[in-house]
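Counting in my numbering, the sequence shown runs from 264 upward without gaps. In what follows, a structure is listed as structure tokens, so that the remarks can point back to it.
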Amino acid sequence: MFSFLKKKVANNTRKISEALKGEVTLDESRLEDLLFDLEISLIESDVALEVVDKIKDDLKNSLLGKTFERGSDLEEIVKSALRDSLKSMFIDADLVETIKAGKRPFVIAFIGVNGTGKTTTIAKIATAFEKEGLSSVIAACDTYRAGAIEQIEQHAEKLGVRLIKHGPGADAAAVAFDAIEHARAKDKDVVLIDTAGRMDTNVNLMDELKKVVRIAKPNRVIFVGDVLTGNAVVDQVLAFNKYASIDGAILTKADADAKGGAAISVAYILKKPIYYLGTGQEYGDLLKFSSEWFVDELLSE
Numbered sequence: 264m265f266s267f268l269k270k271k272v273a274n275n276t277r278k279i280s281e282a283l284k285g286e287v288t289l290d291e292s293r294l295e296d297l298l299f300d301l302e303i304s305l306i307e308s309d310v311a312l313e314v315v316d317k318i319k320d321d322l323k324n325s326l327l328g329k330t331f332e333r334g335s336d337l338e339e340i341v342k343s344a345l346r347d348s349l350k351s352m353f354i355d356a357d358l359v360e361t362i363k364a365g366k367r368p369f370v371i372a373f374i375g376v377n378g379t380g381k382t383t384t385i386a387k388i389a390t391a392f393e394k395e396g397l398s399s400v401i402a403a404c405d406t407y408r409a410g411a412i413e414q415i416e417q418h419a420e421k422l423g424v425r426l427i428k429h430g431p432g433a434d435a436a437a438v439a440f441d442a443i444e445h446a447r448a449k450d451k452d453v454v455l456i457d458t459a460g461r462m463d464t465n466v467n468l469m470d471e472l473k474k475v476v477r478i479a480k481p482n483r484v485i486f487v488g489d490v491l492t493g494n495a496v497v498d499q500v501l502a503f504n505k506y507a508s509i510d511g512a513i514l515t516k517a518d519a520d521a522k523g524g525a526a527i528s529v530a531y532i533l534k535k536p537i538y539y540l541g542t543g544q545e546y547g548d549l550l551k552f553s554s555e556w557f558v559d560e561l562l563s564e
């Protein structure tokens, strides 16, 4: 996971520290030259330009004009500055603890474009919540795509989770409403709303999404994005955020992501938590996100 970016960061950190040996004080032009390779590596790793600029500024603030004692561990000094910058990109939040501290049922709407693994992610979430002692109801609100209801129904049956569904073409907001009412009546902890995957250019479907959010009044709207799409996932987040105020993200296919930059970009630009990373096809392949773990992973060799 993130092997490409890990290698690039390690190489560039080492190069910067090697170049600093023998220098007592670092001036701006010298530092700019040293950061150039790191900048290119970050861009190649799907880190958005806005984020690359922020990282460069942070490193300049940490290193510029500083006096380094001879014999200092310069590689660790550079790494520490980069670690602080990367960690500042993220907001950590524990979704399970938030649910346990809130009123029941806690309603979560999952949104995103087609093909990101949103439905499978909901099944993974239901599995993770069950392990935490939280009962779930799934709302089959993707009434648009052929086979969508059957797909989520298969997951629900395997997991033993109650599914609330209407027929194909039904009002998605009505399905969400019924699921919430069922959860209230049966004293369930969480309602997981599976909305239709859609492109932000599809005005009718985006209006439907707004209606679902308006009726369901979810406690959290979570964007599910595919990290393998690179910077496109950032554009998707920004587009969807215009229609439904996003509270956080789950990023799928992280196990196949050699770059890792999309996660940094989404976290910084959205300024909301990344709750989980999808790491495979099994129900247990869901990794709780932690900025500490993520940054340590990137900076490990």
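Just so you know, even glycine gets a beta-carbon here, dropped at the ideal spot from N, CA and C. Note that this is a predicted model, so its numbers are computed, not measured.
Presumed contact (8 Å Cβ cut-off) between residue i and residue j, rounded CB distance
{"i": "A512", "j": "G488", "result": "6 Å"}
{"i": "L472", "j": "I374", "result": "6 Å"}
{"i": "L562", "j": "F552", "result": "Wrong, their Cβ atoms sit about 16 Å apart, outside the cutoff."}
{"i": "A253", "j": "T464", "result": "No answer is possible for residue 253: the residues shown for the chain start at 264 and end at 564."}
{"i": "D300", "j": "K278", "result": "6 Å"}
Spatial distance of residue i from residue j (CA atoms)
{"i": "K270", "j": "A521", "result": "10 Å"}
{"i": "L533", "j": "A364", "result": "24 Å"}
{"i": "E302", "j": "I318", "result": "9 Å"}
{"i": "A442", "j": "K323", "result": "52 Å"}
{"i": "D321", "j": "E339", "result": "16 Å"}
{"i": "A403", "j": "L455", "result": "9 Å"}
{"i": "I362", "j": "N467", "result": "32 Å"}
{"i": "V400", "j": "L426", "result": "6 Å"}
{"i": "S398", "j": "V424", "result": "8 Å"}
{"i": "A386", "j": "F353", "result": "26 Å"}
{"i": "D548", "j": "A495", "result": "24 Å"}
{"i": "T492", "j": "A419", "result": "28 Å"}
{"i": "A409", "j": "G460", "result": "12 Å"}
{"i": "A519", "j": "D357", "result": "24 Å"}
{"i": "M469", "j": "T379", "result": "17 Å"}
{"i": "V497", "j": "K535", "result": "13 Å"}
{"i": "S348", "j": "P431", "result": "48 Å"}
Contact check, residue i vs residue j, beta carbons under 8 Å
{"i": "I478", "j": "A433", "result": "no"}
{"i": "I509", "j": "V475", "result": "no"}
{"i": "T390", "j": "D457", "result": "no"}
{"i": "T542", "j": "A517", "result": "yes"}
{"i": "L514", "j": "V529", "result": "yes"}
{"i": "L327", "j": "E291", "result": "yes"}
{"i": "I371", "j": "V453", "result": "yes"}
{"i": "K342", "j": "T276", "result": "yes"}
{"i": "S280", "j": "L345", "result": "no"}
{"i": "V315", "j": "Y531", "result": "no"}
{"i": "E545", "j": "F265", "result": "no"}
Own chain partners of residue i with C-beta closer than 7 Å, once the 5 adjacent residues on each side are dropped
{"i": "E395", "result": "V359"}
{"i": "F486", "result": "I374, G375, V500, F503, I509 and A512"}
{"i": "D524", "result": "In the sequence under discussion, the amino acid at residue 524 is Gly, which differs from the Asp named in the question. Cβ neighbours of G524 beyond the five flanking positions: L268, L305, S308, D309 and V310."}
{"i": "P481", "result": "V370, I371, A372 and I456"}
{"i": "H588", "result": "Any question about residue 588 goes unanswered here, given that the chain covers just 264 to 564."}
{"i": "Q414", "result": "T382"}
Same chain, Cβ closer than 8 Å to residue i, five either side skipped, listed in chain order
{"i": "W556", "result": "none"}
{"i": "P368", "result": "V400, I443, A446, R447, K451, D452, V453 and V454"}
{"i": "N377", "result": "R408, G460, R461 and M462"}
Close beta carbons around residue i, own chain, < 6 Å, minus the five adjacent residues each side
{"i": "K350", "result": "S554 and V558"}
{"i": "E416", "result": "L426"}
**Asked** Which residue spans inside the segment 374-430 form an unbroken alpha helix (DSSP H) run of at least 4?
**Response** 381-394 and 411-422
**Request:** Go through the segment 434-510 residue by residue and report every complete run of the alpha helix (DSSP H) that reaches 4 residues or more, in order.
**Result:** 435-448, 466-479 and 495-504
**Request:** Scan the segment 321-372 and note each continuous alpha helix (DSSP H) run of 4 residues or more that stays entirely inside, going in chain order.
**Result:** 337-350 and 358-364
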